[in-house]
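See structure below.
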Amino acid sequence: MPFRPEFDDYSVSFEYFENNLLDNAIGKVTATDKDGDVVNYFFVHNNGSQHATSQDGKYAVNKNGEIFLTVSGGGLESTNSSSIVDSNDFETQPNKFGPYKIIAVDNSGLKSDDVIIDFTVNNIIALPYLYYQTVNDINGVDSSGEGFSKDTLDSKYQFSSNTDDKFLIGYTESGYFTTGLGLGNIERGAVLSTLGGDDYVKLSQSVGSNNMDGGVDLGDGNNTILIGNDIIGGSKRSWVISNDGNDIITVGDFSSIVNDRDDIQNATVITGAGDDILTLQGGDVKDNSLIDMGSGNDTVILKDSGQTLAANQRLDGNKFNSGLLSGGNLQSGSVIILGEGNDNVTIERYFGNATIIGGIADKEVLKTGTKNYEMDSSARNLKDNGIDDGIDTVVIGGAMTDGAKVYLGEGDDVMTIGTKNGYSGNVDGSNTIIDMGGGNDRLTIKGNIQNAAKIDMGDGNNSVIVEGGVNNTSSITFGSGDDQLTIGTTLGEGLGNPIISLGAGNDIVTWGGTTISSTNKIDGGIGIDTLILTTLTDTKTNSDVTNLSSQKFTSFENIEMISNGQSVDIRYKDLLDDTENEIPLHIKGVKDSVVDLGQNNWTSDALSNKQNLSDNSQTLGKWTKQNTITEDGITYDIYHHSAAGNSSVDDVYI
Numbered sequence: 001m002p003f004r005p006e007f008d009d010y011s012v013s014f015e016y017f018e019n020n021l022l023d024n025a026i027g028k029v030t031a032t033d034k035d036g037d038v039v040n041y042f043f044v045h046n047n048g049s050q051h052a053t054s055q056d057g058k059y060a061v062n063k064n065g066e067i068f069l070t071v072s073g074g075g076l077e078s079t080n081s082s083s084i085v086d087s088n089d090f091e092t093q094p095n096k097f098g099p100y101k102i103i104a105v106d107n108s109g110l111k112s113d114d115v116i117i118d119f120t121v122n123n124i125i126a127l128p129y130l131y132y133q134t135v136n137d138i139n140g141v142d143s144s145g146e147g148f149s150k151d152t153l154d155s156k157y158q159f160s161s162n163t164d165d166k167f168l169i170g171y172t173e174s175g176y177f178t179t180g181l182g183l184g185n186i187e188r189g190a191v192l193s194t195l196g197g198d199d200y201v202k203l204s205q206s207v208g209s210n211n212m213d214g215g216v217d218l219g220d221g222n223n224t225i226l227i228g229n230d231i232i233g234g235s236k237r238s239w240v241i242s243n244d245g246n247d248i249i250t251v252g253d254f255s256s257i258v259n260d261r262d263d264i265q266n267a268t269v270i271t272g273a274g275d276d277i278l279t280l281q282g283g284d285v286k287d288n289s290l291i292d293m294g295s296g297n298d299t300v301i302l303k304d305s306g307q308t309l310a311a312n313q314r315l316d317g318n319k320f321n322s323g324l325l326s327g328g329n330l331q332s333g334s335v336i337i338l339g340e341g342n343d344n345v346t347i348e349r350y351f352g353n354a355t356i357i358g359g360i361a362d363k364e365v366l367k368t369g370t371k372n373y374e375m376d377s378s379a380r381n382l383k384d385n386g387i388d389d390g391i392d393t394v395v396i397g398g399a400m401t402d403g404a405k406v407y408l409g410e411g412d413d414v415m416t417i418g419t420k421n422g423y424s425g426n427v428d429g430s431n432t433i434i435d436m437g438g439g440n441d442r443l444t445i446k447g448n449i450q451n452a453a454k455i456d457m458g459d460g461n462n463s464v465i466v467e468g469g470v471n472n473t474s475s476i477t478f479g480s481g482d483d484q485l486t487i488g489t490t491l492g493e494g495l496g497n498p499i500i501s502l503g504a505g506n507d508i509v510t511w512g513g514t515t516i517s518s519t520n521k522i523d524g525g526i527g528i529d530t531l532i533l534t535t536l537t538d539t540k541t542n543s544d545v546t547n548l549s550s551q552k553f554t555s556f557e558n559i560e561m562i563s564n565g566q567s568v569d570i571r572y573k574d575l576l577d578d579t580e581n582e583i584p585l586h587i588k589g590v591k592d593s594v595v596d597l598g599q600n601n602w603t604s605d606a607l608s609n610k611q612n613l614s615d616n617s618q619t620l621g622k623w624t625k626q627n628t629i630t631e632d633g634i635t636y637d638i639y640h641h642s643a644a645g646n647s648s649v650d651d652v653y654i
């Protein structure tokens, strides 16, 4: 017996905001069929006939179950007019319509039972600006204690409810952009509170303006706020907060007005639980601003490339602004706290004199007793408290400088610096810190680590790739775990010596550089460690030709040469001085690889066609081949120094 289509629910209610366009769906019904496809949906009229439009002509349904307003229902072709038809105009009563019946039909012509639907038209609150007042659940009072006007033509009109609200500030109800000084702002102490519901707020200008603060409280729900320019404070801080729900906060439209970029400046943004997205388009987070994303899988994007619709046009306009590549920075005492969850941060350009905390801060970040969500003066020096084990991803397009700090806490975190072409990708400065915390973390630095910058990878099987050098008095510290470190160019350029501490574990260091300063060594630390040689550059030790000398490494048990023609110099003195090493040094190579025992300039051996195995680095003596052995399927020749006596610890397996 064939099956008929079925709706999951007997009845469905839809709500939509007034002044809807003809091509915007205001609802959708969906039926399923166990043995066929649903091919169409119809309204059922009182006489039982089936039609694409409702009996009163206000609504239409298509074959996908999407429901639209019709011309008769007041649907608009564009935002350059407003509807006066009751089904698309809140101010024209009634605001509720129905019940209507809809059926589904499958490809064999079988019909479903009716689903009963009704519609409610919600109000759009359009204000030229918002000054001096605060909205709360009883509609608010102004600073004098007087209630607000409920006349929508009054600039002090206020509205808020625990249902879905839509606010347009700096636009007319139908979506026209309003022009004039101060229009489109929430400022002079004004606060917009939308309470519960999935609310939508759009400002043509800013929260706060011209040293006058403002605030927005979005409440619970899946909220969206679009701010044309800034969140900017003055003598007091401006702020935007939300509670539980998946919220979208977009600030800026790549405005190209000189000295009026789209910033989060002297401001606080706090989102509660939920998967929230904060995007800043065209400016910087600066002047001690605070962003706290709360729990959930959150995203923060600071960018100044690409295009977006301009805010200073009617809502269905098609004028775009483009980024100017001068914003997208996190700076000047600002703090981002990502909270619990798997979070992502992208900073398109520079990160300096600011802090990112991957989880929860180890102390209170807000100033005690604050009414404007002021950040505590100690916030820049707070760290991750180690509770959150989410996987955080941080991408910095430019450099990390000027005391920038990152504390990512537990979890398998990923950080990349220098992704943007034309930018240095350096980690630079004595107070610049990257602390990846526990977990199997990955850090990629396209430039140099320099000028006493500090990297702490914590415990775990971590990976660090430095495409540039590790220079001056900078440091890279690993905790326990099987770690991997790659260095691309130099070790120890400039004043002072860098420190690399690999910690306990079987670690791998890949050396692709050209220069190791005279006072530096690569230290493998405790464990069975491997040094992989990728460089083809002659680093020269004295006048000898080599890609690496044992004078430049210690505490490695394995050396691997992976390219044709590479060479290493090995001196007995260096092996003897390495008191941490308790097993012979194993060296593997490929075609034409060279091990120069005694550092005797192997090129002269090649010219004379005679091996020179003398090694007087510690005392008079030489290397001799003692035996051949196979380990793990690899055959080694065993070389022993004459001064070593019966000890085999400083033998070399080649």
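Residues in the sequence shown are numbered consecutively from 1, following our numbering. Note that CB positions come from ideal geometry on N, CA and C, so glycine has one too.
Give the DSSP bridge partners of residue i, in chain order.
i	result
I562	Bridge partners of I562: none, in fact.
K286	Q265
F167	I125, V201
W511	I487, L533
F7	A31
M212	S209
T473	Answer is none; T473 lacks a bridge partner.
V300	L278, V345
F119	F14, F97
L338	Its beta-bridge partners do not exist; DSSP assigns none.
Starting from residue i and walking both ways along the beta strand (DSSP E), at which residues does that stretch end?
i	result
Y639	634-641
L127	124-127
L69	66-69
K371	Here K371 belongs to no beta strand (DSSP E), and DSSP marks it neither H nor E.
F43	38-44
K625	623-631
Q307	307-309
I225	224-227
M415	414-417
G98	96-106
Y176	Y176 -> no beta strand (DSSP E), and no H or E assigned at all.
S295	First-last for S295: undefined, no H or E at that position.
D651	Counting along the chain, D651 falls outside any beta strand (DSSP E), and DSSP gives it neither H nor E.
S501	499-501
Among the options, which residue has its Cα nearest to the Cα of residue i?
i	options	result
T659	I186, L203, G197	Since the displayed the chain opens at 1 and closes at 654, residue 659 lies outside it and no answer follows.
T2	S549, Q55, K111, N62	Rather than Thr, the amino acid found at residue 2 in this sequence is Pro. Closest by alpha carbon: K111.
F320	T534, Q307, L330, R314	Q307
I387	T546, L366, E410	E410
G317	E77, N600, S49, L502	E77
G425	N431, M436, G398	G398
N472	K454, G492, D284, G458	G492
D199	L168, M375, V464	L168
D262	V105, N20, L226	L226
S305	K63, M293, T299, N329	N329
V191	M212, V12, K367	M212
G333	R380, S480, L495, D483	R380
Y176	D113, N64, N312	N312
G184	G197, L195, G170, N64	G170
L127	Q93, G182, D402	G182
I116	Y129, D106, F97, Y131	F97
G479	S550, I455, K371	I455
E18	V85, G48, Y10, S11	V85
D298	N342, T268, L325	N342
Going by DSSP, what residue range makes up the alpha helix (DSSP H) through residue i?
i	result
D577	572-577
Can you tell me the Cβ-Cβ gap for residue i and residue j, rounded? I've got them flagged as a contact below 8 Å.
i	j	result
S501	T486	At roughly 16 Å, the Cβ-Cβ gap does not stay under 8 Å, so S501 and T486 are not in contact.
I391	D412	5 Å
A25	F90	Not confirmed; about 19 Å, so no contact.
I103	Q50	7 Å
I231	V251	6 Å
V590	S567	With a Cβ gap of about 12 Å, V590 and S567 do not count as contacting.
D615	K625	Not confirmed; about 14 Å, so no contact.
T537	F556	Not confirmed; about 20 Å, so no contact.
Y572	D483	Not confirmed; about 29 Å, so no contact.
V464	I433	With a Cβ gap of about 15 Å, V464 and I433 do not count as contacting.
Task: the stretch 435-442 in contact with the stretch 450-463 per 3-pair CB rule at 8 Å - done: yes
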